[in-house]
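Engineer:
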Amino acid sequence: MKHIKLALFLQKFLHTSDALIISELLNTAHDADLADALVVFNHTDVVRILLTIPLTRRVSIFEHFNHHMQTAVAMAMQPDALAKLIAAMAHDERADLYNQLPEALKRQIKPNIAADEVKDITHLSSYPEGTAGANMTSDFLYIRADITATEAIDLTRRYASKKETIYYIYVIDADKKLLGVLSLRDLLLTDEQNRIQDIMRTNVISSHANDKQASVVQKIARYDLLSLPIIDNQARLIGIITADDALDLQAAQSTQTLYKTGGIEAARFEIPTSMLTNIKHASIWTLYRMRVVWLVILVFGNVFSGAGIAHFEDMISSYVVLVFFLPLLIDSGGNAGSQAATLMVRGLATGEVVLKDWGKMVTKEVLVAAALGFSMALAVALVGFVRGGPEIALVVASSMVLIVIVGSVIGLCLPFALSKLNFDPATASAPLITSIADAVGVLIYFSIASQVLSFN
134 MKHIKLALFL
144 QKFLHTSDAL
154 IISELLNTAH
164 DADLADALVV
174 FNHTDVVRIL
184 LTIPLTRRVS
194 IFEHFNHHMQ
204 TAVAMAMQPD
214 ALAKLIAAMA
224 HDERADLYNQ
234 LPEALKRQIK
244 PNIAADEVKD
254 ITHLSSYPEG
264 TAGANMTSDF
274 LYIRADITAT
284 EAIDLTRRYA
294 SKKETIYYIY
304 VIDADKKLLG
314 VLSLRDLLLT
324 DEQNRIQDIM
334 RTNVISSHAN
344 DKQASVVQKI
354 ARYDLLSLPI
364 IDNQARLIGI
374 ITADDALDLQ
384 AAQSTQTLYK
394 TGGIEAARFE
404 IPTSMLTNIK
414 HASIWTLYRM
424 RVVWLVILVF
434 GNVFSGAGIA
444 HFEDMISSYV
454 VLVFFLPLLI
464 DSGGNAGSQA
474 ATLMVRGLAT
484 GEVVLKDWGK
494 MVTKEVLVAA
504 ALGFSMALAV
514 ALVGFVRGGP
524 EIALVVASSM
534 VLIVIVGSVI
544 GLCLPFALSK
554 LNFDPATASA
564 PLITSIADAV
574 GVLIYFSIAS
584 QVLSFN
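So the sequence shown is numbered by this note's numbering: it starts at 134 and just counts up by one.
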């Protein structure tokens with residue numbers, strides 16, 4: 134509700150052009166809330182409001198927009214105003230924005246951006262999507278190892294306002310190779326005449342620019358870091374990834390994983406991250422492409438279930454009561470498999486489970502699935518007895534146990550197999566596992582029925 138109230142004040146400003154309204158809002162509202170309030174306005178009005186706000190706050194509000202909103206508002210700005218905004222943005226944020234702009238607009242604003250800033254944007258844009266380099270910022274504080282603490286404090290004061298974070302200060306040599314790190318607390322508490330090389334920590338946790346962004350998120354979480362230094366092939370410090378950026382990456386990764394487990398493709402078609410985290414901005418064509426691949430594949434996969442049913446059609450015609458339990462049994466196998474797959478995908482993604490744990494996990498899953506299957510069998514056996522007598526009760530109960538065990542093992546093994554083949558384990562989507570478990574469940578159910586009922 135807060136952003137609705139703010140939007141009403143902003144609407145009043147658009148009608149009256151009273152600068153005091155903007156001044157009052159800047160004094161009382163958080164930039165994130167102002168950004169939320171602005172999304173209800175057309176992009177021309179958003180630009181008009183932003184241009185009445187001092188540059189520092191303007192940039193902060195703009196950076197709280199999602200990428201889709203940023204691009205739309207940027208395209209509504211005059212080239213000189215946009216160039217000024219881009220120059221003041223965080224280095225990683227401006228590189229992301231610049232990459233999303235049309236080529237014609239890039240050519241218009243490029244002359245208004247300093248040459249070194251254009252070079253920085255080009256450099257940050259050169260790394261493949263999904264790597265540490267593509268998500269780092271070059272806006273960080275570094276010092277030489279041979280200076281004193283007093284000199285380091287003076288440098289920190291001089292450049293602090295221009296850097297994205299100063300909580301960690303990185304130490305480099307003449308070739309910009311990473312030597313060590315110290316926290317701002319370490320610097321402030323040490324004797325003023327101590328040299329940095331004597332107080333810095335040399336066991337620096339870092340990542341290479343080409344490392345996958347998932348490993349960056351894991352390192353920041355594992356070692357409780359506020360930022361992670363990024364190095365190149367020569368061990369030169371070229372950027373950092375901050376903890377707040379890592380949180381954004383983790384949110385995007387979680388969304389990707391969730392989509393994949395639902396059989397929704399995004400990475401295959403290079404769907405922008407902003408579309409993943411704000412689906413209401415996605416076009417109908419984008420949503421269609423994300424979903425059609427697995428649905429079409431699974432159409433053909435379900436043919437096997439139909440073929441299995443057709444193979445036993447004579448028995449089914451003699452024992453029609455078997456059809457009553459078919460959806461219940463095969464759905465139970467798919468559900469159990471989806472649960473097992475979800476646990477394994479999560480375990481593999483966080484590193485809690487590795488490939489060598491496969492045997493141990495399968496053994497444990499069989500025992501768990503057997504217990505689950507027997508519990509479910511007790512419930513379904515009673516219904517089977519009422520509907521068809523003791524023979525049908527035996528068929529559905531034994532089928533339930535075996536189907537749940539097999540479905541669970543399929544759900545557990547598929548992520549392991551994909552990981553072994555260097556595919557994303559999340560590709561073991563719930564629809565895929567359900568389709569496989571359905572086909573196997575049909576065969577198990579009717580095979581047991583044919584034996585128990587002595588049908589040839």
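Using N, Cα and C, we set each Cβ at its ideal position, and we do this for glycine too.
None of the values given here were measured: they were computed from a predicted structure.
1. From which residue to which residue does the beta strand (DSSP E) around I186 run?
2. Hey, L370 and Y260 are a contact pair by Cβ (cut 8 angstroms); roughly how many whole angstroms apart?
3. Do S340 and V349 come within 8 angstroms of each other at the CB atom, strictly closer than that value?
4. Could you tell me the alpha carbon to alpha carbon distance between R191 and A209, rounded to whole angstroms?
5. Helix, strand or coil, according to DSSP, for Y231 in the structure here?
6. Should E250 be flagged as near chain B, meaning a C-beta pair shorter than 8 angstroms?
7. So, for Q584: in the same chain, excluding its five sequence neighbours on each side, which residues have a beta-carbon less than 6 angstroms away from its beta-carbon?
8. Mind checking V573: buried by the 16 CB within 10 Å criterion, or exposed?
9. Residues in its own chain within less than 8 angstroms of A282 by CB, not counting five upstream and five downstream?
10. Does the contact criterion of 3 or more C-beta pairs under 8 angstroms hold for the region 344–364 versus the region 263–271?
11. Nearest-angstrom Cα distance between I219 and H197?
12. For Q661, does the count of other Cβ atoms within 10 angstroms reach 16, so buried, or fall short, so exposed?
13. Within a Cβ cutoff of 6 angstroms, which residues of the same chain sit near Y356, ignoring the five residues on either side of it in sequence?
14. Hey, out of A140, E250 and I280, whose CA is closest to L165's CA?
15. Locate the alpha helix (DSSP H) running through R369, then write down its first and last residues.
16. Identify the residues that DSSP records as bridge partners of H341: which are they?
17. When DSSP labels each residue in this structure, what does I299 get in the three-state scheme?
18. Could you check where the beta strand (DSSP E) with S316 kicks off and where it finishes?
19. Quick check: the Cα distance between S174 and T185, rounded to an integer number of angstroms?
20. Expressed to the nearest angstrom, what Euclidean distance is found between the alpha-carbon atoms of S294 and I374?
21. Do you know how far the Cα of L554 is from the Cα of F445?
22. Taking only runs that begin and end inside the region 237–282, name each unbroken alpha helix (DSSP H) of 4 or more residues, in chain order.
23. Between the Cα of N245 and the Cα atoms of W427, F549 and K217, which residue gives the shortest distance?
24. Evaluate contact between the region 309–316 and the region 227–238, counting only Cβ atoms and requiring at least three cross-stretch pairs below 8 angstroms.
25. Quick one, which of V529, V534, L527 and S568 has its alpha-carbon nearest L547's?
26. Below 8 angstroms, can you find three or more Cβ-Cβ pairs linking the region 463–473 to the region 527–541?
27. Does DSSP put V487 in a helix, in a strand, or in coil?
28. Leaving out five residues on either side along the sequence, give the residues of the same chain with a beta carbon under 7 angstroms from the beta carbon of A170.
29. Secondary structure at V304, three-state DSSP: helix, strand or coil?
Structural biologist: The short version:
1. Where I186 is concerned, there is no enclosing beta strand (DSSP E), given that its DSSP letter is neither H nor E.
2. Not quite, the Cβ-Cβ distance comes to about 15 angstroms (not below 8 angstroms), so this is no contact.
3. yes
4. 15 angstroms
5. When DSSP states are grouped into helix, strand and coil, Y231 belongs to the helix group.
6. Given the protein chain composition of this structure (a single chain), no chain B is represented.
7. Same-chain partners within the cutoff: there are none.
8. buried
9. L320, T323, D324, E325, Q326, N327, R328, I329 and I332
10. yes
11. As the crow flies, the alpha-carbon of I219 is around 14 angstroms from that of H197.
12. Summary: the structure shown does not reach residue 661, with the chain confined to residues 134 through 589, and so no result is reported for it.
13. Closer than 6 angstroms at Cβ, skipping near neighbours: I338.
14. Just to set this straight, residue 165 is Ala in the shown sequence, not Leu. When A140, E250 and I280 are compared, the shortest CA-CA separation from A165 is found for A140.
15. Where R369 is concerned, there is no enclosing alpha helix (DSSP H), given that its DSSP letter is neither H nor E.
16. I364
17. coil
18. Residues L311 to S316.
19. It should be pointed out that residue 174 corresponds to Phe in this sequence rather than to Ser. Answer to the nearest angstrom: the Cα atoms are 15 angstroms apart.
20. Inter-residue distance for S294 and I374 is about 18 angstroms (C-alpha atoms, whole angstroms).
21. 36 angstroms
22. 248–257 and 265–268
23. Here the closest residue by C-alpha is K217.
24. No, the region 309–316 is not in contact with the region 227–238.
25. S568
26. Look at the beta carbons and you see the region 463–473 touching the region 527–541: at least three pairs across the two are nearer than 8 angstroms.
27. coil
28. H136, L139, A140 and L143
29. strand
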